[in-house]
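Student:
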Amino acid sequence: MGTALIVIDMQTDFCPGGALAVDGGDGIVGPINALMAGFDAVILTQDWHPADHASFAANYPGAQPFSVAQMPYGPQVLWPSHCVIGTPGAGFHPGLDRSRADLVIRKGFRRGIDSYSAFFENDHRTPTGLAGYLRDRGLADLAFAGLAHDFCVAWSAMDAARLGFTATVIEAATRAIDLDGSLARARADMRAAGVRQE
Ligand code: VGL
Ligand code: ZN
1 MGTALIVIDM QTDFCPGGAL AVDGGDGIVG PINALMAGFD AVILTQDWHP ADHASFAANY
61 PGAQPFSVAQ MPYGPQVLWP SHCVIGTPGA GFHPGLDRSR ADLVIRKGFR RGIDSYSAFF
121 ENDHRTPTGL AGYLRDRGLA DLAFAGLAHD FCVAWSAMDA ARLGFTATVI EAATRAIDLD
181 GSLARARADM RAAGVRQE
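Going by the UniProt record's numbering, 75 is the number at position 75 of the sequence shown; the sequence numbering is gapless.
(1) Measure the alpha-carbon distance for residue 10 versus residue 96 and round it to whole angstroms.
(2) Would you call the segment 44-61 in contact with the segment 88-102, where contact means no fewer than 3 C-beta pairs closer than 8 Å?
(3) Should residue 124 be labelled buried (16 or more other beta-carbon atoms within 10 Å of its own) or exposed?
(4) The ligand ATP: which residues have Cβ under 7 Å from any of its heavy atoms, chain order?
(5) Nearest CA to the CA of residue 35: which residue from 76, 179, 183, 172?
(6) Tell me residue 146's beta-bridge partners as DSSP assigns them.
(7) In the DSSP assignment, what residue or residues form a beta bridge with residue 89?
(8) Name the DSSP bridge partner or partners of residue 74?
(9) Out of 167, 78, 198, which one is the CA nearest neighbour of residue 4?
(10) Just grab the DSSP bridge partners of residue 42 for me.
(11) So, using beta-carbon positions, are residue 141 and residue 38 closer together than 8 Å?
(12) Residue 178: which of 196, 150, 80 sits nearest, CA to CA?
(13) Within the same chain, show all residues whose beta-carbon is closer than 6 Å to that of residue 29, passing over the 5 residues directly before and after it, in chain order.
(14) For the ligand VGL, is there any heavy atom lying closer than 7 Å to the beta carbon of residue 120?
(15) Whose C-alpha, out of 79, 66, 68, is nearest the C-alpha of residue 52?
(16) Nearest by alpha-carbon distance to residue 188: which of 164, 162, 158, 174 is it?
(17) Alpha helix (DSSP H) containing residue 116: first to last residue?
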């Protein structure tokens, strides 16, 4: 059984100075680079949104960033515009070692639906293709790092566990947005889904 390190959204916009900065986000670049040598494969995800994306507060008159809207697929946080296709903020943190990445998987590129998880869009049904890639390569033991702990890392790890992969979140290599208790909720949800947290 092969092992894979899945590095979630280590992009400029999620690091201090970026459009949706996570506190201490740049502080995990070194630890993530150091982890890479211990895995059979390294996979990077890249949040990749059109400017008119449905998850951006700026696309609704009067909507405040970090408020919650109802979408056809359920509740959705409206975010500051971030990781817009082709902008510097959508690029990887310059310190991240990309040389070991076997695959870069983009997500969130459909205008009408957000995609926190590396496996499914936020409707929990539309696949990104990652599960098939991992199965084809026999990579079944997955570790998750990157940003943000309580959104894209948590949703990815929970989907992995539900799909039958072994899923571990490496706490020393992730940081949270922590919106209204979202980190504590994500930890409890991950525990219930069978995700290891170490
Ligand atoms: C993320 C909010 C919006 C993340 C991405 O990477 O956790 N969070 N888009
Ligand atoms: Zn996003």
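By construction, the Cβ of each residue, glycine as well, lies at the ideal position given by its N, Cα and C atoms.
Predicted model only: the values in this text are computed from it and were never measured.
Tutor: Checking against the coordinates, here is how it stands:
(1) Here residue 10 corresponds to residue number 10 of the sequence shown, with the count starting at 1. Here residue 96 corresponds to residue number 96 of the sequence shown, with the count starting at 1. Distance between the alpha carbons of residue 10 and residue 96 is about 8 Å.
(2) yes
(3) Here residue 124 refers to the residue found at position 124 when the sequence shown is read from its first residue. With fewer than 16 other Cβ atoms within 10 Å, it is exposed.
(4) For the ligand ATP, the structure offers nothing, since it holds only the ligand VGL and the ligand ZN.
(5) As a first step, residue 35 is located in the sequence shown; it is residue number 35 there, counting from the start. Considering only alpha carbons, the answer is 172.
(6) By one-based count along the sequence shown, residue 146 stands at place 146. According to DSSP, residue 146 bridges with 8, 174.
(7) Indexing the sequence shown from 1 puts residue 89 at position 89. Its beta-bridge partners do not exist; DSSP assigns none.
(8) As a position in the sequence shown, residue 74 is number 74, starting the count at 1. Partner(s): 71.
(9) Counting from 1 along the sequence shown, the entry for residue 4 is found at position 4. The shortest Cα separation from residue 4 among 167, 78, 198 belongs to 167.
(10) Here residue 42 is taken as the residue at index 42 of the sequence shown, counted from 1. According to DSSP, which records beta bridges pairwise, residue 42 is partnered with 5, 101.
(11) Residue mapping note: residue 141 aligns to position 141 of the sequence shown, counting from 1. Residue mapping note: residue 38 aligns to position 38 of the sequence shown, counting from 1. Cβ distance not < 8 Å, so residue 141 and residue 38 don't count as in contact.
(12) As a first step, residue 178 must be located in the sequence shown, where it is residue number 178. Answer by Cα proximity: 150.
(13) Residue mapping note: residue 29 aligns to position 29 of the sequence shown, counting from 1. Hits under 6 Å: 93, 95, 96.
(14) Locating residue 120 in the sequence shown gives position 120, counting from the first residue. Not under cutoff, so the answer is no.
(15) Position 52 of the sequence shown, counted from the first residue, corresponds to residue 52. Measuring from the Cα of residue 52, the nearest candidate turns out to be 79.
(16) For the purposes of this step, residue 188 is identified with residue 188 of the sequence shown, where counting begins at 1. Among 164, 162, 158, 174, the Cα nearest to that of residue 188 is on 158.
(17) What you label residue 116 is simply residue 116 of the sequence shown in a count that begins at 1. Neither: residue 116 is in no alpha helix (DSSP H) and is coded neither H nor E.
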